[in-house]
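For the sequence shown, UniProt numbering assigns the number 1 to the initial residue and increments by one for each residue that follows.
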Amino acid sequence: MSSPARFEEGVEISGDNTANSSPTSLYTWGDQKPNTSMSKSVQKSRTRQPPNTLMVPNLIKVDRSSNSLETPSAEGSKIRDKNPPPTGTKSKNQKNHRRNKTSDSDSSKASSLDGSRKEKDFSFEDRTPSSLTGAKLPIKNSQSRPRKERSLDSSRRTTPKTPRKSPKPFEPFISLEEVQRGLKKGELIEGILRINPKNYEDAYISAPDGQMDIYIGGVLDRNRALHGDVVVVQIKPQMEWKVLSDGSKPGDLKSIPVTNNSAFQVCDTIEILSTGTKKTRRGKRGKKKRKNRPLETCTNEKAMSPILELDKSCEGLIVEPDELVQGILDGNLESKLDCVDEELEGNGGVVVAPHELSEVDDSGKEDASACSNDLMVEITELMNNNSLDQEPDGWGPPVPEPINSWCETNLQVNNSVGNSNISTENTLPSLAELQLPSSKSKMAFVEAVLKHPLAHKLLQKTAKVVYLKERKHNLVAVGHLKLMQDRNPNWALFSPQDHRLPRITIPMKECPPNFFSSAEDHAKILYIAKITEWENTGFAKGHLYRSIGEAGLIATETEAILISNNVDYSDFADNLLEALPDKLPWTIPEEELKVRRDLRKECIFTIDPETAKDLDDAVSCRELSDGTWEVGVHIADVSYFIPEGSKIDSVAAHRATSVYMVQMVVPMLPQLLCEHLCSLNPGEERLTMSVMWKITPVGDILEEWFGRSVINSCAKLSYEQAQKLIDNPDNEWKSGEMPQVQGEFNIATIASKVGQLNQLALILRKQRFDGGALCLNQVKLHFSLDSDSGLPSTFSVYEQKDSNRLIEEFMLLANMAVAHKILKSFPGKAVLRCHPPPIQHLMDEVLETFSTVGLNLDSSSAGKIQESLTHFRKDSSLISQARQLAITSLLSKPMQRALYFCAGSYECEKLYHHYALNVPLYTHFTSPIRRYADILVHRLLAAALDYTQEPLVDKRWLQRQCEHCNDKKYAAKLCQESSQEIYLGAFIKETNIREEVAMVIAVLDHSFDVLILQFGIVKRVYCDKLPLLGKHYQKQHGIPHLTLTWRADDNHPTCAQTVTIFSMVTVMLTPSNEPLKFQALLQRPFDTPGNFPPNFTVPKI
């Protein structure tokens, strides 16, 4: 499904709709009646499926009366069940789930999550694979392990275990009065919580000073807060701060930087090895991690003595570095080994679709996996102290404050002291130089770090949540239903797909019939559940709502995406349309025509994606007698049909934006409005808000006019058709090659006006970039779907051409003009859009990466970055073009999201600035059919022009609504990306294996990240999944190198391959065990370095 391709912010999602829907199979249980009703949109899809129509029924019955729950309090009533659920104490298998690990230092009281609730009965629907729009995709159940592996897993320990501690109760929140006092004094900090999706223990908020993020470690310190919630935190004492490996990459108290004279280095995990008893430790799903190898002689026996003195029963165990170091400090390493939790499996990373930065639809940041501990590091390997297998801030949404999210890094034991091949440049003083005291206490260790001269760069502040200011998360989760480990007959365990959420206990009475006796039959089914109570660091309590279908089917996964991102995809109520005209075609009232500028005789036309049906903008151009040009941008007057405070207004404000998926759209407004009454369809009179300029042939703007108008579009051009008119203005077009032209005009007239608009747009674009604008366009995919199955049959890379840029320039011009107009009239209520500058320390790290390979980029301003990019593009070779894509991808990471705001809420006008556009004022005016913020702007503009009264809402309401629009816009972007991801996964699954060219953009000690050029996505390649004899990481002159030694096979001899930044590699994309996911596996190097496959081209952006 294509969104209206507006490049005001450079974002467009392209695709086709499906036309497949099979009869729905339903079943119920208990005393409930079968639910045979379906949403209207699905019923309509039996006969027709217009590309912009919602195809997914409303299966979830969640109370939508409010977007957030009340702040939890200790006094809230709780559910008291006759058979209370398990407390969450870990069993042997449960320790594989790291997100339920609790800190030994945790202690607090519990309180109810959202107060009392009533017990309800819920009906379930089990839908056939084709019940929505999905097709039957073969999937592999990755949710449960074979029984044999579980038995091995449960008996793998022979040493006595340290008893597990009970879950810790959460602390009660402080009072609002204390919060306000603490914030005013600077003793408390407010921020948006971001949880690492790959490590449930790690969470962060942005620091107010824009420096390093504040770390919140563990579930207890998070205190019931979920990802995206607005929280108030209290900074912990310095003795509890994290110690970092250098000035930029966080680690843990154990990751103190050292020189090559020390036995400690930074890494992810440790394997305890010896020449004694052979023993292996199994990871997730029973996979063997690695066989034992002999332990080489350590030249620093004193440092290694805690390891050498281990009992042989510990040999072969994979140990978390924090447990190892704590054991060393406490002198009780053996007991620590008994309590160690295994890491979550990385499984090849996640698809990352880098986002555009130019400003019409939103700039965004890469949403990548934060960390993977999929590979253990042997004790015999020596890694450089900067080899941190982590990704910078990529798994949390950028917020008004700068973001810097890092994974926790850990410790590696080194027995290869003095290796001359290991770079030691930029290392910090060793542990001895840190004056580590003889005391084994953790406190003494931190005190030693505080004495270090670079302590301010080595320490990361830590905090705990003391107040939940706003519950942004809707507490709803999608996941799988399982039996409890002890087969408790009264409770089932709900495991969310989103690992940032806690596991939830569900009353067995809410589960499907016979679930207890046949749980394996439900292993592949996805369910919806909602958290209702969360008292401690163990499991939460919740309700099970219904099933949504089989995992791995596009329809099921699509609905799961919408639910997980809190998108309201239900049908619009009939009473919302009562005040709207019910007869089509609609005729504009005569009294309305009298107060509007009549432009019905002008040559006005639209340029949109071919499949678009919600046409909300049109353009016009005519030459004036003095040689200047009158250019107009005409936007659908949606606010005319949506009075302030009406029912439809409330619904639109709640939805805030349309959501564009690959195969469908979830509209913000009912179809009657977005496709008929408001859509600027050719040959139909429509109400508009217009901005018109008098422009000279050299692009100087002499005059501007704002006002209400009425138009009659003469043609609907697609971008492809408009480009043909630009390229061949004098061509005689055959029937069907161009759209039908309405009224007194012909295609030659339209071609002339498109050509003139393009000439002016080129001039305006040059002026904009000469003025310091920045554009970071990246690869975007367009899928063609099979009409029967709904599966992707082919894909193409969307290329932006002059016709796209034409519309982009005039939409930008209109948005800027309206921003100035409404701010002048309503300085306290103007709804504007700002773009904060990039996060400086993240930008510094990107620049450092560039400098190590000889690329000098000036980041002093957006314009300087653009100048550097332009310089890089002068080289047209394939390797240079590929490098440009990689540079653009890396530069997107430090960039923050653009944000809506109310001018009256920002005291300093410098905060109004838009970084990417490099303009002082900007807003969104040109897409009111799909963005509620634009409706607010339309109302302000109408009041500024004295058409209406000033809006009744105050600046506080406007700011809250702006923040809500920001949240919904970001959620819509996540949905778009996830939809692209599952369709790409389905495409790769159908083609089975696909070989692609990629460029390395980050090198770690046992993995590296690649940008797959044809797809524009980032994947992590893990060395432990390759047939290697060995690998070796080092830094040479600051440049990371990972040397891989390939094992010989029947067709290839043993060979070495060195991977570094901007290396060209070939990867094989193969389906992974997770439904509709895929992984990247490195292939042996090209025969000739830098050689590309035949007919390979780098996508143009």
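In this text, a Cβ means the ideal position worked out from N, Cα and C, and glycines have one as well.
Model, not experiment: these values are computed from the prediction.
Worksheet item: Exposed or buried, residue 1103, counting other C-beta atoms within 10 Å across all chains shown (16 or more means buried)?
Response: This structure leaves residue 1103 out entirely; the chain is present only between 1 and 1101.
Worksheet entry | Inter-residue spacing [alpha-carbon to alpha-carbon] between L813 and G1038 | 44 Å
Worksheet item: Ordered along the chain, which non-local residues of its own chain (more than five positions away) have a Cβ less than 8 Å from that of C511?
Response: L481, A492 and L544
Item to complete: Using only alpha-carbon positions, find the residue among D1009, R994, Q778 and K1077 that is nearest to P1099.
Response: Q778
Worksheet entry | Same chain, Cβ closer than 7 Å to F706, neighbours up to 5 away in sequence not counted | Within the same chain, F706 has close Cβ partners V691, K821, L941 and L945.
Worksheet item: Near D1001, which residues of its chain fall below 8 Å by C-beta distance, leaving aside the five closest residues on each side in sequence?
Response: In the sequence under discussion, the amino acid at residue 1001 is Ile, which differs from the Asp named in the question. So the list reads A886, S889, L890, D1009, V1010, L1011, V1018, I1061 and F1062, once near-sequence residues are dropped.
Fill in: Same chain only: Cβ atoms within 7 Å of V567, ignoring 5 sequence neighbours per side
V659, V666, A971 and C975
Worksheet item: Quick one: Cα of T587 to Cα of S825, how far?
Response: 33 Å
Discussion item. Taking contact to mean 3 or more Cβ pairs, one atom from each stretch, closer than 8 Å, check whether the region 722-730 and the region 753-760 are in contact.
Written reply: yes
Worksheet item: In terms of alpha-carbon separation, which member of K451, I504 and E470 lies closest to V476?
Response: Nearest to V476 by C-alpha distance, out of K451, I504 and E470, is I504.
Fill in: Cβ-Cβ distance between Q671 and L774 below 8 Å
no
Worksheet item: In its own chain, which residues sit with a C-beta less than 6 Å from the C-beta of F745, not counting the 5 before and 5 after it?
Response: C603 and C714
Worksheet item: Do R600 and N712 have their C-beta atoms within less than 8 Å of each other?
Response: Going by C-beta atoms, R600 is nearer than 8 Å to N712.
Worksheet item: Can you give the Cα-Cα distance for E381 and V1003, rounded to whole angstroms?
Response: In this prediction, E381 scores a pLDDT of 30, lower than 50, which makes its location untrustworthy; the coordinate-derived value is nonetheless stated afterwards. Cα atoms of E381 and V1003: separation of roughly 17 Å, rounded to the nearest angstrom.
Discussion item. So residue 1112 and W534 are supposed to be a Cβ contact under 8 Å. How far apart are they, rounded?
Written reply: Residue 1112 cannot be examined here, being either before or after the span of the chain that is shown, 1 to 1101.
Worksheet item: Could you give the distance in angstroms between the alpha-carbon of D788 and the alpha-carbon of Q663?
Response: 13 Å
Discussion item. Whether or not the region 826-846 and the region 942-961 are in contact is what I'm after, with contact meaning three or more pairs of Cβ atoms, one per stretch, closer than 8 Å; do they touch?
Written reply: yes
Fill in: Rounded straight-line distance, which links the Cα of E201 to that of N565
22 Å
Worksheet item: Can Y640 and K461 be called in contact, C-beta distance under 8 Å?
Response: no
Worksheet item: Is the number of C-beta pairs between the region 900-911 and the region 830-845 that are closer than 8 Å three or more?
Response: yes
Discussion item. Based on DSSP bridge pairs, tell me the residues matched to N777.
Written reply: Answer by DSSP bridge pairing: none, since N777 is not bridged.
Worksheet item: Straight-line CA distance for V1059 to G736?
Response: 52 Å
Item to complete: Take S793 and list the residues in its own chain whose beta-carbon comes closer than 7 Å to its own, dropping the five residues that flank it on each side.
Response: S784, L785 and D786
Worksheet item: Among all the DSSP beta bridges, which residues are the ones paired with Y1033?
Response: L1042
Item to complete: Would you mind sorting E808 into buried or exposed? The rule is 16 or more other CB atoms within 10 Å of its CB.
Response: Burial is judged here by how many other beta carbons sit within 10 angstroms of a residue's own beta carbon; E808 has at least 16 and is buried.
Fill in: For E190, three-class secondary structure by DSSP
strand
Discussion item. Can you determine whether any heavy atom of the ligand HEM sits closer than 7 Å to the C-beta of E644, and answer yes or no?
Written reply: This structure simply doesn't include the ligand HEM, nor any ligand for that matter.
Fill in: With 16 other Cβ atoms within 10 Å as the buried cut-off, status of N966
buried
Fill in: Distance between K469 and G218 (C-alpha atoms, nearest Å)
20 Å
Worksheet item: Going by beta carbon distance, what residues of the same chain come within less than 7 Å of D106, once the five residues before and after it are set aside?
Response: For D106, the predicted model reports a pLDDT of 40, less than 50, meaning its position is unreliable and no value from the coordinates is stated.
Practice prompt. Note down the Cα distance separating K780 from F1015, rounded to an integer number of angstroms.
Written response: 7 Å
Worksheet entry | Where the beta strand (DSSP E) containing V633 begins and where it ends | W629 to A636
Worksheet item: Under a three-way DSSP split, which group does Y200 fall into?
Response: coil
Worksheet item: Going by beta carbon distance, what residues of the same chain come within less than 7 Å of S796, once the five residues before and after it are set aside?
Response: H782
Worksheet item: Nearest-angstrom Cα distance between D1005 and H522?
Response: 40 Å
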